[in-house]
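Residue numbers (the numbering used here): 4 to 286. We put the beta carbon where it would ideally sit given N, CA and C, even for glycine.
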Amino acid sequence: MDLYSTEYDDEKLHSYFLRLTTDKKYEPVKAVIQNWALGMDGRKGELNKFIKEFQTTFNSSLWELYLNKAFKDIGFDVDHSKESPDFCLISKTGKVVNVEAVTTNNPRNKDKSYYSSQAISESISQCDQDFLDESTIKLLGKMRDKRDLFIGKDGKKHPYSSLDHVKDKPFVIAVAPFDNHLSFTQNNIAINRVLFGIEPPKPNRRGGFVTHKIKHIVNNNGAKLELGIFTNDSYKEVSAVIFSTIGMFGKAIVQSKIDATIRGTKYRVYSIKKFLSNKRKNR
């Protein structure tokens, strides 16, 4: 799969793709991403469409490339002859799992001005609660879209659930956030609201932490959206969710080992004995 030969004018190419193909310092990054694509040329029916999306919209295709590499590193074989869902995985024991990839996206993603310093500053200035609420609503919307695609809601022909290689097999949604310049900072806070209906833990007066539940969120149209979709059977068709905030352009930069500024998070390391001895605090 040749990801970088293009027939499109610069105006149509995504800002990150242009950076990759015009700045020589990103040559090692190009090699990393090309390596992520190994085997994906088996997508005969959608190969050209995938390359076009990588060059013009970038993020959703990059997420699929990242997943392709991750699944192979884990030890799955990927049957790319199956066009839908995105990944038909075969384990070493022969079990089949189908994965549909999806991303939340910013409506200005194709607009080069969205990647300007001013646009990035606007993202940074957004208040934390608005950022969290928007992230939650977008993740929930993408989950709903893919669930509906699986079951064939509204009379959609050939739903995923009708495909022979999907019937009676686990169906997994792999979702990543790209809707905000700070999407990578949301950690698992928004997805925990969507899946389990729980808010981020907050410190209490005893020096521990307490977690509150959230049942719904209101969108810009005033509609109530139910959260905690894995606490009931409303998404019973979805076996699991893969979620990551790091399958982004920065991941390829880090793996390429070129000089770059990266963000790190410091964690405490506990032995299991120490953790259990403090289980009240760690609850």
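Close-in-space but distant-in-sequence residues of the same chain around residue i (CB under 7 Å, 5 per side omitted)
| i | result |
| --- | --- |
| Y11 | Q58 and T59 |
| S242 | P173, F174 and V175 |
| I93 | F79, D80, D82 and V99 |
| E49 | E86 |
Straight-line gap, residue i to residue j (C-alpha atoms, nearest Å)
| i | j | result |
| --- | --- | --- |
| Y117 | T188 | 18 Å |
| A104 | D13 | 27 Å |
| L152 | K205 | 37 Å |
| N285 | I217 | Any reading at N285 needs caution, since the residue's pLDDT is 43, under 50, leaving its predicted position unreliable; the model's value is listed next. The alpha-carbon atoms of N285 and I217 are separated by roughly 21 Å. |
| M251 | N112 | 14 Å |
| D167 | K239 | 19 Å |
| V32 | A226 | 43 Å |
| N224 | I192 | 23 Å |
| G211 | R150 | 37 Å |
| I127 | K95 | 44 Å |
| H161 | F74 | 26 Å |
| L6 | N109 | 23 Å |
| S63 | K55 | 11 Å |
| D346 | G97 | A query on residue 346 cannot be resolved here, the shown segment of the chain reaching from 4 to 286 and no further. |
| R208 | S186 | 31 Å |
| D26 | P180 | 26 Å |
| S84 | E30 | 30 Å |
Cβ-based neighbour list, residue i, same chain, cut-off 8 Å, excluding 5 preceding and 5 following
| i | result |
| --- | --- |
| L68 | I36, W39, A40, M43 and F57 |
| A122 | R111, S116 and H184 |
| S237 | E229 |
| K28 | I261 |
Residue nearest to residue i in terms of C-alpha spacing, selected from the options
| i | options | result |
| --- | --- | --- |
| T106 | R208, L21, L143 and M4 | L143 |
| V81 | R46, V257, H219 and R22 | R46 |
| G231 | N207, K254, I194 and S128 | I194 |
| I220 | D136, T9, G48 and P180 | D136 |
| V169 | C91, D26 and E30 | C91 |
| N51 | V213, S165, M4 and N190 | M4 |
Cβ-Cβ distance between residue i and residue j below 8 Å
| i | j | result |
| --- | --- | --- |
| T234 | R196 | no |
| V2 | M146 | A query on residue 2 cannot be resolved here, the shown segment of the chain reaching from 4 to 286 and no further. |
| F61 | F20 | yes |
| D89 | K141 | no |
Cβ-heavy atom distance, residue i to the ligand SAM, below 7 Å
| i | result |
| --- | --- |
| M4 | With respect to the ligand SAM, the structure offers nothing, as it holds no ligand at all. |
Sequence-distant residues of its chain with Cβ nearer than 6 Å to residue i (five each side left out)
| i | result |
| --- | --- |
| S18 | K115 and Y118 |
| A34 | none |
**Asked** Do three or more CB pairs link the stretch 154–168 to the stretch 183–202 at distances below 8 Å?
**Response** no
At least three beta-carbon pairs within less than 8 Å, the stretch 62–78 to the stretch 244–252: yes
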